[in-house]
Amino acid sequence: MNNASLANLLHEERRFPPPAALAAVANVTADTYEKATADRLGFWAEQARRLDWAVPPTETLDWSDPPFASWFADGHLNVAYNCVDRHVENGLGDRVAIHFEGEPGDSCTITYAELQREVAKAANALAELGVAAGVRVAIYLPMIPEAVIAMLACARLGAPHSVIFGGFSAEAVAARIQDADAQLVITADGGYRRGKASALKPAIDRAVKKCPTVEHVLVVRRTGEPTAWYGDRDLWWHDVVDRQSETHTPEAFPAEHPLFILYTSGTTGKPKGILHTTGGYLTQVSYTHHAVFDLKPETDVYWCTADVGWVTGHSYIVYGPLSNGATQVLYEGTPDTPHKGRFWEIVEKYGVTILYTAPTAIRTFMKWGDHIPAEYDLSSLRILGSVGEPINPEAWVWYREHIGGGRCPIVDTWWQTETGAMMLSPLPGVTATKPGSAQVPLPGIAATVVDDEGHEVPDGGGGYLVLTEPWPSMLRTIWGDDQRYLDTYWSRFKGTYFAGDGAKKDQDGDIWLLGRVDDVMLVSGHNISTTEVESALVSHPAVAEAAVVGAHDPTTGQAICAFVILRGTASESDTLVEELRTHVAAELGPIAKPQRILTVTALPTTRSGKIMRRLLRDVAENRALGDVSTLTDASVMDLIQAKLPTAP
Ligand code: ATP
Ligand code: MG
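To convert, note that position 337 of the sequence shown is 337 in the UniProt record's numbering; the numbers rise steadily by one, no gaps.
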């Protein structure tokens, strides 16, 4: 971002107070903020007691060597014991942990007692294959129960896992396996996506050729399709796991023992191997899942639609919900298979009460039309969550009306792979929500917006989001690269964590995320947020999705170039393009009027569903495309390039 501060263009006046009935019995009340601010470390020490420690910690934070943090360092615990065994010991063995829904329609229910047996068997199997504390295990699986079981089995043994998105190319997989020096890979023959079996093992076979550290590949049979087999290396999961003992004694590990390595989505560049550890991580994912979703484990049915291959799946499918003894839905496939009502059919079938999904999905549902969710009974829902990108106010309001029946609070949760757990979010029983804003740091979290010099901006000002105090689930480093950890996060502003996201404060002091700093546009000396221009475009009834970038322009520095996807009923024309340009100017002011608008049928997204603006910038500036390895579908870029009339 350039020296000019980030312009504050979008004004949103709608407010939605928490429903009184929900607020009356909410897990967290307004006084928690004051308590946590008065004694931040005491607050986190109290949250750590949500967990069962083999050796309870007496220390909270050691920040004597910043930015390298230790939380609860003298405590010992086992993560899998906390997520599974203790619930069984507390008499909850019959509670459903997972309602699994496969894409082809197969389903199964796994209780906590069953999960305990499966995790024990998997841990015994892994131990037999030489996996011990500290040994890295790569996991490349579809969204099936074995993904959760494998992660918990690793955690149980103290073996850090590195989960890799099922569907990444062999090259991307190899790079991640090599970076972590994994000794074992757990994969499947394939999984179901978009109505057909999609093979996974061939990518592992190609990747592992370049990974000398890998001793074995453990393969879950999911699709039953034929697969190449390397006799002394490959083992079937059912051959090795099924014959194991159903009991396994968990060992307690120090709180700072590594739990997992996870590579960021790669939206802005080369993915970073983010290292998370045990005690602080589990404390914060457990607390935030309890607080932000107001989880009542006896009655709620929770569903997070993320993939376990990205951080939302780690923290809010596996570790947060299971540490809280939640009942949840795990769905293997895509929202449009076999029909576009599949998500709503699942909500109806299981009586889902809490739904956590991403803006990209919500915008897709908007594009498909209101009539689809209207065909299902969604009355069980009581809380809706959003994560992954800024949510456009219009998408937020659509989500509230058409999915939440106008009654469910929406929690827009800002956080990152690096933060491990939610950092900014409304609380459903406390906060009057504002469409499009993540609003406030959670209790115990210190965040603000600063200008170029690192000074806090006043209410109404814009700049960079920073985290001013360490937090329990913070990344500990970038795997094998302390220097990159320092350079990426701690060098922009001294002593403060730089999140890489633009943000502003409104007149109430609430925080609005404005997109990545790398994407901010500089037009005639004004820094303009991609998010605000995109939200203005999406607020036009003809537009379902928009992505904007700043492309080099000889007169204005950068010119705003917008790529839009039209809603089902709208059709492309010069008049519409002109109308959209005028609409943005009316919403945000003439400075934000896009110079060019191109209608497209798809936008480049990462596998976690985020728009990759840097590729659109390459297109708009007529350059060769940068790294496309984390793109869901590289052919999208050909379609977009074909739309481009001539070089600017
Ligand atoms: P990379 O760091 O490799 O470019 P990435 O940032 O996409 O990849 P993640 O850690 O999955 O990887 O995503 C975190 C980012 O997602 C945040 O920094 C922010 O830009 C965006 N984000 C997540 N949740 C929200 C939210 N509720 N509102 C706004 N932005 C969000
Ligand atoms: Mg990032």
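Virtual Cβ for every residue (Gly too), placed ideally from N, Cα, C.
Name the residue from the options whose alpha carbon lies nearest to the alpha carbon of residue i.
i    : options                : result
N622 : V208, I640, K196       : I640
Y376 : E345, L355, F365       : E345
Y331 : G325, Y302, R516       : Y302
E101 : V329, G385, R596, T605 : V329
D205 : V217, K196, G195, A197 : V217
V308 : T37, A150, Y497, V84   : A150
L77  : W63, F68, H99, A54     : A54
F365 : R233, K505, L576, I565 : I565
S245 : E118, T433, T530       : E118
Q183 : T312, L588, A133       : A133
A33  : P409, P441, A547       : According to the sequence as given, residue 33 is Tyr; it is not Ala. Per the Cα distances, P441.
V256 : S265, T278, L235, W237 : This sequence places Glu at residue 256; Val is not what is there. Checking every option, the nearest Cα to that of E256 belongs to T278.
R567 : K367, E389, K35        : K367
G525 : H540, L580, V543, G550 : G550
R40  : P472, I144, D519, L514 : P472
G480 : P258, W44, D65         : P258
S380 : G404, G388, W396       : G404
If you run the structure through DSSP and keep just helix, strand and coil, what is residue i?
i           : result
G123        : It should be noted that the sequence gives Ala, not Gly, for residue 123. The answer is helix: DSSP assigns A123 an H, G or I state.
D482        : helix
V636        : helix
K210        : coil
C154        : helix
P443        : coil
S379        : coil
M521        : strand
E13         : coil
V185        : strand
K196        : strand
T364        : helix
P254        : strand
R614        : helix
G460        : coil
D65         : strand
T277        : strand
R581        : helix
residue 655 : Here the chain covers residues 1 to 648 and nothing more, so residue 655 does not appear.
S162        : strand
I144        : coil
Just mark residue i as buried or exposed, buried being the case when its beta carbon has 16 or more other beta carbons within 10 Å.
i           : result
residue 670 : Here the chain covers residues 1 to 648 and nothing more, so residue 670 does not appear.
K201        : buried
V636        : buried
P590        : exposed
N392        : buried
R194        : exposed
Q507        : exposed
P359        : buried
E545        : buried
Q483        : exposed
H455        : exposed
K610        : buried
V163        : buried
D189        : buried
T357        : buried
C408        : buried
Tell me whether residue i, by its Cβ, gets closer than 7 Å to a heavy atom of ligand 1.
i    : result
W53  : no
A172 : no
K494 : no
V387 : yes
P390 : yes
P393 : no
G266 : yes
L513 : yes
V311 : yes
A438 : yes
D412 : yes
S608 : yes
K505 : no
G134 : no
P271 : yes
R516 : yes
> How would the residue list near ligand 3 read, in chain order, if you kept each one whose beta-carbon is closer than 6 Å to any heavy atom?
Replying inline: As presented, the structure is devoid of ligand 3, carrying ligand 1 and ligand 2 as its sole ligands.
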